[in-house]
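Written below as structure tokens is the structure these notes are about.
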């Protein structure tokens with residue numbers, strides 16, 4: 043029931059029916075999960091090797107194929123996190139490749155320059171970047 047925002051609780055509240063006639067597919071949590079699943083399926087990331095792209099105490103980024111996932115643990119009150127993502131041999135994302143955040147594909151994009159690109163995470167958000175063009 044996570045995608046419906048069920049919070050459980052003591053019995054019997056931990057037994058809320060999931061499949062009811064009023065199953066809401068428009069909640070923010072449901073649409074968020076739906077977006078993640080669609081990106082995963084479209085890019086078949088389970089067939090791609092995983093590579094760590096950045097790691098420190100508050101920021102972690104990895105790729106599966108050309109899909110980049112960036113996360114932070116600072117929480118919704120935390121400071122903006124900015125990190126430069128490099129990619130070693132340069133074969134994951136060629137210079138000129140444009141990646142779009144699946145949650146805001148028209149407004150949150152990065153273009154790969156020589157050596158990589160910067161990723162900004164605000165207030166504890168996570169981002170999933172997928173290739174658009176030049177990749």
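Residue numbers (my numbering): 43 to 177.
The C-beta atom is built at its ideal place from N, Cα and C for all residues, glycine as well.
Keep in mind it's a predicted model, so treat the numbers as computed, not measured.
Between the beta-carbon of residue 37 and the beta-carbon of residue 142, is there less than 8 Å?
The question about residue 37 has no answer, for the chain in this structure spans 43 to 177.
Taking the continuous beta strand (DSSP E) assigned at residue 81, which residues delimit it?
As a first step, residue 81 is located in the chain shown; it is residue number 39 there, counting from the start. The continuous stretches of beta strand (DSSP E) do not include residue 81, which lies in the alpha helix (DSSP H) extending over residues 70 to 85.
Pick out whichever of 117, 103 and 152 has its Cα sitting closest to the Cα of residue 93.
The residue given as residue 93 occupies position 51 in the chain shown. If we check each option's Cα against that of residue 93, 103 comes out closest.
Is there contact between the stretch 158 to 170 and the stretch 121 to 128, where contact requires at least three CB pairs shorter than 8 Å?
yes
Under a three-way DSSP split, which group does residue 114 fall into?
As a first step, residue 114 must be located in the chain shown, where it is residue number 72. Strand, per DSSP.
Would you mind reading off the limits of the beta strand (DSSP E) that contains residue 168?
Locating residue 168 in the chain shown gives position 126, where the first residue counts as 1. Careful: residue 168 lies outside any beta strand (DSSP E) and carries neither H nor E.
Ends of the beta strand (DSSP E) at residue 124?
Against the chain shown, residue 124 aligns to sequence position 82. Per DSSP, residue 124 is one residue of the beta strand (DSSP E) stretching across 123 to 127.
Can you name, in chain order, every residue of its own chain whose Cβ lies under 6 Å from the Cβ of residue 109, other than the five neighbours on each side?
Stepping through the chain shown from its first residue, residue 109 is reached at position 67. Excluding residues within five positions, the ones whose Cβ falls inside 6 Å are 85, 87 and 172.
Determine the direct distance from the alpha carbon of residue 148 to that of residue 118, and round the result to whole angstroms.
As a first step, residue 118 is located in the chain shown; it is residue number 76 there, counting from the start. As a first step, residue 148 is located in the chain shown; it is residue number 106 there, counting from the start. The straight-line gap separating the alpha-carbon atoms of residue 118 and residue 148 is approximately 23 Å.
Anyone know if the C-beta pair for residue 81 and residue 168 falls short of 8 Å?
In the chain shown, the residue the question calls residue 81 occupies position 39. In the chain shown, the residue the question calls residue 168 occupies position 126. Contact flag unset, no.
Whole angstroms is fine: what's the gap from residue 114's alpha carbon to residue 98's?
One-based indexing of the chain shown puts residue 114 at position 72. One-based indexing of the chain shown puts residue 98 at position 56. One C-alpha to the other measures close to 9 Å.
Determine the extent of the beta strand (DSSP E) in which residue 143 is found, giving its start and end residues.
On the chain shown, position 101 is the one that residue 143 refers to. 140 to 143 is the extent of the beta strand (DSSP E) around residue 143.
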